[in-house]
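Asks:
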Amino acid sequence: TSSSYVICNYDGVVLRRSATILKAVAENIAQSMTKLAQSAKNVTRDLNPNDDLKNLRIKTSRKELIVSHDKDFIVIVIQEWTPAKEDQ
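Read left to right, the sequence shown gives residues 19 to 106 (the numbering used here).
1. Helix, strand or coil for isoleucine 39, going by three-state DSSP, please let me know.
2. In the DSSP assignment, what residue or residues form a beta bridge with leucine 74?
3. CA-CA distance, valine 95 and serine 22?
4. So, leucine 33 versus isoleucine 39, is the Cβ gap smaller than 8 Å?
5. Let me check one thing: in DSSP terms, what residues is isoleucine 94 bridge-paired to?
6. My assumption, with CB atoms under 8 Å, is that isoleucine 92 sits in contact with tyrosine 28. Please give the rounded CB distance.
7. In its own chain, which residues sit with a C-beta less than 7 Å from the C-beta of histidine 87, not counting the 5 before and 5 after it?
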């Protein structure tokens, strides 16, 4: 598997990124994941006001995104993966 990362603030501004990710792609990921993480955090709080979202994991058919946030920034890890082939 191959992995890369984007670190951004809560305004979606990219602070650091992997050299393997183009700047425009990193900015798009940061903007999208910042909005999604905030929405997921709000839903978690709505379901239980005493709880707080720490990590968000999204798995697509070719990638897995892990979004973790702290007080000042968000870390987004993008991993490419291939499903295991079934024995025939």
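Here a beta-carbon is modelled for each residue, glycine too, at the ideal position from N, C-alpha and C.
Replies: Per the coordinate set shown:
1. Taking the sequence shown and counting its residues from 1, one reaches residue 39 at position 21. It is coil, neither helix nor strand.
2. By one-based count along the sequence shown, residue 74 stands at place 56. Per DSSP, Val85.
3. To locate residue 95, count along the sequence shown from 1; it is residue 77. To locate residue 22, count along the sequence shown from 1; it is residue 4. The alpha-carbon atoms of valine 95 and serine 22 are separated by roughly 6 Å.
4. In the sequence shown, counting from the first residue as 1, residue 33 sits at position 15. In the sequence shown, counting from the first residue as 1, residue 39 sits at position 21. No; because the gap between Cβ atoms is not below 8 Å, this pair is not in contact.
5. As a position in the sequence shown, residue 94 is number 76, starting the count at 1. According to DSSP, isoleucine 94 shares a beta bridge with Val24 and Val85.
6. Counted from its first residue, the sequence shown places residue 92 at position 74. Counted from its first residue, the sequence shown places residue 28 at position 10. Right, their Cβ atoms sit about 7 Å apart.
7. As a position in the sequence shown, residue 87 is number 69, starting the count at 1. Result list for histidine 87: Ala55, in chain order.
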